[in-house]
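Data first, discussion second: the structure below is written as structure tokens.
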Amino acid sequence: MQFDWQNIDTVLLDMDGTLLDLHFDSYFWLEYMPSVWATRNGFMIEEAKAKLTDMLNHHAGTLNWYCVNFWSDALGLDIMELKGQVAHKIGWRPTAEMFLKRCQQECDDVRMVTNAHRKILELKILKTNIDQYFDQMICSHELDHPKEDAAFWHRLHNNKPFDPARTLFIDDSEAVLESAARHGIKHIYSIAEPDSVLKRKSVSRFPMLERLA
Ligand SMILES: [Mg+2]
2 MQFDWQNIDT
12 VLLDMDGTLL
22 DLHFDSYFWL
32 EYMPSVWATR
42 NGFMIEEAKA
52 KLTDMLNHHA
62 GTLNWYCVNF
72 WSDALGLDIM
82 ELKGQVAHKI
92 GWRPTAEMFL
102 KRCQQECDDV
112 RMVTNAHRKI
122 LELKILKTNI
132 DQYFDQMICS
142 HELDHPKEDA
152 AFWHRLHNNK
162 PFDPARTLFI
172 DDSEAVLESA
182 ARHGIKHIYS
192 IAEPDSVLKR
202 KSVSRFPMLE
212 RLA
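Read left to right, the sequence shown gives residues 2 to 214 (our numbering).
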């Protein structure tokens, strides 16, 4: 994939499923955390997973869905402590670092825009040093809206102006990509295979990247 660098001033990049393998997150939310929660509450694992799926669906697309504190309270678990126990599973997607180095060469305004909570971002920085590649790292919690909401993009612009017509944005969530498109962001790409283990292919109306670099 050749990006149109001549016409790009700002690069906005998602973290989980785009730069880092979504496997850490899907393993945590679909396997590890449900098994701990089931054991502590005396549920069968399938029963625990069904209950959690209902709860997760109820909060999909909201900041709660991405909030460590919300889930710690709702489930009576220390989510950060549990994440730490499986942090060895945090890893890069293929060619992501090569791509980030290219972004640094081509562009003076490279920002991470993530729905991940700042505590999770810090854990991932600890494991990957991903912060070295960014001029700015924005967690949507700090703008009070997830990327799915129009208000996120307005606040991102107010925080540090950017020209949507000269912005590249890459994310693995179709709802988020649609939200970015509504804001007028011109160069939008989806990720074909965010999770290296589940290997579930994405469906997108935007061009899909097999590899970043
Ligand atoms: Mg993502």
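The C-beta atom is built at its ideal place from N, Cα and C for all residues, glycine as well. Computed from a predicted structure; not experimentally measured.
**Report entry** Euclidean distance between Cα positions of LEU64 and SER141
**Finding:** 8 Å
Report task. Please report how far the alpha carbon of PRO165 lies from the alpha carbon of THR19, in whole angstroms. Result -> 20 Å
Requested in this report: Could you tell me whether the stretch 8-17 touches the stretch 172-180, where touching means 3 or more Cβ pairs closer than 8 Å?
Outcome: yes
Query raised in the report: Which two residues bound the contiguous beta strand (DSSP E) that contains ILE192?
Result: Taken as a continuous stretch (DSSP letters only), the beta strand (DSSP E) holding ILE192 covers 188-192.
Query raised in the report: What residues match up with ASP110 in a beta bridge as DSSP calls it?
Result: For ASP110, which the question treats as bridged, DSSP gives the partners THR11.
**Report entry** Own chain partners of SER180 with C-beta closer than 8 Å, once the 5 adjacent residues on each side are dropped
**Finding:** LYS148, GLU149, ASP150, ALA151, PHE153 and TRP154
Query raised in the report: Can you give the Cα-Cα distance for LEU213 and GLY92, rounded to whole angstroms?
Result: 15 Å
Query raised in the report: Looking at the structure shown, is GLN137 part of a helix, part of a strand, or coil, going by DSSP?
Result: strand
Query - Cross-strand partners of ASP17 (DSSP beta bridge) - result: LEU21
Query raised in the report: Given that a residue counts as buried once 16 or more other Cβ atoms are within 10 Å of its Cβ, and exposed if not, what is ASN159?
Result: exposed
Query raised in the report: Can you tell me where the alpha helix (DSSP H) with THR54 in it begins and where it stops?
Result: 46-59
**Report entry** First and last residue of the uninterrupted alpha helix (DSSP H) at LEU178
**Finding:** 175-183
**Report entry** heavy atom of ligand 1 below 7 Å from THR63 C-beta
**Finding:** no
Requested in this report: Just the C-alpha distance for SER191 and GLY185, rounded to the nearest angstrom, thanks.
Outcome: 16 Å
Query raised in the report: Taking buried to mean at least 16 other C-beta atoms within 10 Å of its own C-beta, is PRO35 buried or exposed?
Result: With 16 or more Cβ atoms within 10 Å of its Cβ, PRO35 is classed as buried.
Query raised in the report: In chain order, what residues of the same chain lie with their CB nearer than 7 Å to the CB of GLU211, ignoring the 5 residues before and after it?
Result: Result list for GLU211: ALA193, in chain order.
Requested in this report: Counting only the same chain and skipping the five closest in sequence on each side, list residues whose C-beta sits under 8 Å from that of ILE139.
Outcome: ARG112, MET113, VAL114, THR115, LEU157 and ASN160
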